[in-house]
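Numbering (the working numbering), first residue to last: 83 to 150.
For each residue, glycine too, the CB sits at the ideal point set by N, CA and C.
Worksheet: one structure, shown below.
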């Protein structure tokens with residue numbers, strides 16, 4: 083699957099389930115694959131805030147946990 087398709091699939095899933103770890107992982111790794119490290123890191127920070135707002139607890143994994 084090409085990078086554009088991966089991002090579309092990940093974003094589609096995240097629109098339905100904003101804290102889906104698999105989709106977040108795909109999105110972060112795809113952004114890193116295309117060299118967009120800043121956006122990948124920023125998205126991870128957004129994900130952590132969203133997770134906290136829904137569950138009132140910190141997301142336990144770090145950014146490094148999602149690097150392939």
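In the displayed model, residue 106 falls within a helix according to three-state DSSP.
A straight-line Cα-Cα distance of about 19 Å links residue 83 and residue 149. Going by DSSP, residue 91 is part of the alpha helix (DSSP H) stretching over 85 to 98.
Straight through space, the alpha carbons of residue 145 and residue 137 are spaced by roughly 19 Å.
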